[in-house]
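J.:
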Amino acid sequence: MSRQDLSGVPIVDTIVAKQIFQVIKALKLLGVNAVITGIRPEIAQTMVALGLDFHAIKAYAILRQALNDFK
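The sequence shown begins at 1019 in the working numbering and counts up by one.
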């Protein structure tokens, strides 16, 4: 399991979003399920506006939520 935390990312634009999804795809090829945490409301709105598909990715607003889900 790989965790990508976005809480320190101030802005998500097309370039950043593509890089995040490329990392997740690469990890999947290696057999790793990635989880994204730290998604603030404004980041989520931007990612939705960019047309990013989160259906295959587990995403959590805060790290504690992800950790509780995997207990």
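Here a beta-carbon is modelled for each residue, glycine too, at the ideal position from N, C-alpha and C. Source: prediction; values computed, not measured.
Between which two residues does the alpha helix (DSSP H) harbouring Gln1038 extend?
T.: Locating residue 1038 in the sequence shown gives position 20, where the first residue counts as 1. For the sequence presented, residue 1038 should be read as Ile rather than Gln. Where Ile1038 is concerned, the enclosing alpha helix (DSSP H) stretches over Thr1032 to Leu1047.
J.: Is it buried or exposed for Val1053, if we count other Cβ within 10 angstroms and need 16 for buried?
T.: One-based indexing of the sequence shown puts residue 1053 at position 35. By the 10 Å Cβ count, Val1053 comes out buried.
J.: In or out: Thr1055 buried (at least 16 other Cβ within 10 Å) or exposed?
T.: Within the sequence shown, the letter at position 37 stands for residue 1055. The residue in question, Thr1055, is buried, as its Cβ has 16 or more Cβ neighbours within 10 Å.
J.: Considering only their Cβ atoms, is the gap separating Ala1077 from Ile1061 smaller than 8 angstroms?
T.: Indexing the sequence shown from 1 puts residue 1061 at position 43. Indexing the sequence shown from 1 puts residue 1077 at position 59. For Ile1061 and Ala1077, no; Cβs fall outside 8 angstroms.
J.: Label Ala1084 either buried or exposed according to how many other C-beta atoms from any shown protein chain fall within 10 Å of its C-beta, with 16 as the threshold for buried.
T.: Along the sequence shown, one-based indexing puts residue 1084 at 66. It counts as buried.
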